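Q:
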Amino acid sequence: MKGIILAGGSGTRLSPSTNCINKHLLAVYDKPMIYYPLSILMLSGIKEIMIISTPEDISRFEKLLGDGSSLGISLHYKSQEEPNGIPEAFIVGEEFIGKDNVTLILGDNIFYGQGLTNILRKAVRNHKGATIFGYRVKDPSRFGVVEFDEERKVVSIEEKPEDPKSDFAVTGLYVYDNRVVKIAKKLNFSARGELEITDVNKKYLEDGQLGVELLGRGFAWLDAGTHESLFESSEFIKNIEQRQGFKIACIEEIAFYMGYISKHQLYEAGESMKKNDYGQYLMEIANRKHVQQYWDKIDQNPGLGLIENE
Numbered sequence: 000m001k002g003i004i005l006a007g008g009s010g011t012r013l014s015p016s017t018n019c020i021n022k023h024l025l026a027v028y029d030k031p032m033i034y035y036p037l038s039i040l041m042l043s044g045i046k047e048i049m050i051i052s053t054p055e056d057i058s059r060f061e062k063l064l065g066d067g068s069s070l071g072i073s074l075h076y077k078s079q080e081e082p083n084g085i086p087e088a089f090i091v092g093e094e095f096i097g098k099d100n101v102t103l104i105l106g107d108n109i110f111y112g113q114g115l116t117n118i119l120r121k122a123v124r125n126h127k128g129a130t131i132f133g134y135r136v137k138d139p140s141r142f143g144v145v146e147f148d149e150e151r152k153v154v155s156i157e158e159k160p161e162d163p164k165s166d167f168a169v170t171g172l173y174v175y176d177n178r179v180v181k182i183a184k185k186l187n188f189s190a191r192g193e194l195e196i197t198d199v200n201k202k203y204l205e206d207g208q209l210g211v212e213l214l215g216r217g218f219a220w221l222d223a224g225t226h227e228s229l230f231e232s233s234e235f236i237k238n239i240e241q242r243q244g245f246k247i248a249c250i251e252e253i254a255f256y257m258g259y260i261s262k263h264q265l266y267e268a269g270e271s272m273k274k275n276d277y278g279q280y281l282m283e284i285a286n287r288k289h290v291q292q293y294w295d296k297i298d299q300n301p302g303l304g305l306i307e308n309e
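This is how it looks when you write it as structure tokens:
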């Protein structure tokens, strides 16, 4: 399974903050926005990841994250000349995807909740066709909406319907088999001039291969793509981290937990940022005498960025 983070776009909803920087590099409390979707892919067990962004921003992501070796993963980069819709990510990333399946996450989406890691890994490892993730919202007409029966079998999926058939929105996280590349290539542009991810999902639905995982109570799905939601997301992360003492979407910590980097590498990462709380947090974890016992105690605590036992 390969992973793709779509971090392009013009960022007009966050102007003027994004007039000179990609929105996915803006801070959501104590870390860049891109850390949040990257952490989700890492927790899913995906180690080969491509970040797709604008031609002028690719170098900035490379400067921030490098080739991924410091995290024990492999990061690749590809530019998207124009923001022509989410499915274009599969066309841009065709060579990277190769013959593998692929998980796509939007760069401004933040997920939080106990049990999410298990849901993700189940979707990735037992994957057939396509899997989308539904989240209950109070204003479903603003989103793609998924309708399902009592057995959670998808019945329909619509893009921003005037009369929604359910109150479950489709989030910006998608798991597909390798056919998605061919499907994306055959799409026509919609009335708003984009390739629509809903059309991809409809194709899988027509073939009887669209599944849905519901994120119920206890989960949070945040889109940090507006001024209000960016502030709310930062407040949300701040409140949980300060109350529980654990970092959310701390990619170095996740890499250590997953066995991708050593305790020494974790400490060095923290030491390079020792003048702030983030770096001190990494050093503190690396200095713990009984690291495994520490993890065993907090595996069920979502404050670590949704880490749980398999």
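Residue numbers (numbering that gives the first Met the number 0): 0 to 309.
Glycine included, each C-beta is placed from N, C-alpha and C at the ideal position.
Only a predicted model underlies this, so the values are computations on that prediction, with no experimental measurement involved.
1) Classify Arg242 as helix, strand or coil using the three-state DSSP reduction.
2) According to DSSP, what are the bridge partners of Tyr111?
3) In its own chain, which residues sit with a C-beta less than 6 Å from the C-beta of Asn300, not counting the 5 before and 5 after it?
4) Taking the C-alpha atoms as reference points, what is the distance between Lys62 and Gly269?
5) Look at the alpha carbon of Ile131 and the alpha carbon of Leu25, and state the distance between them as a whole number of angstroms.
6) For the region 156-167 and the region 88-95, state whether three or more C-beta atom pairs, one from each stretch, are separated by less than 8 Å.
7) Report yes or no: do three or more beta-carbon pairs, one from the region 116-132 and one from the region 207-219, lie closer than 8 Å?
8) Is the beta carbon of Met49 closer than 9 Å to that of Ile3?
9) How long is the line joining the alpha carbons of Tyr173 and Asp138, rounded to whole angstroms?
10) Cβ of Tyr259 within 9 Å of Cβ of Leu281?
11) What's the gap between the Cα of Gln243 and the Cα of Phe142?
12) Output the distance between the C-alpha atoms of Lys314 and Ser271, rounded to the nearest integer angstrom.
13) According to DSSP, simplified to helix, strand and coil, what is Met282?
14) In the DSSP assignment, the beta strand (DSSP E) including Phe132 goes from what residue to what residue?
A: On the basis of the coordinates in this document:
1) helix
2) Ala219
3) Any reading at Asn300 must be qualified, since the residue scores a pLDDT of 42, below 50, and its modelled position is unreliable; the value itself is stated next. Excluding positions up to five away in sequence, the list is empty.
4) 18 Å
5) 27 Å
6) no
7) yes
8) yes
9) 21 Å
10) no
11) 32 Å
12) This structure cannot speak to residue 314, because the chain is shown only from 0 to 309.
13) helix
14) Ala129 to Arg135
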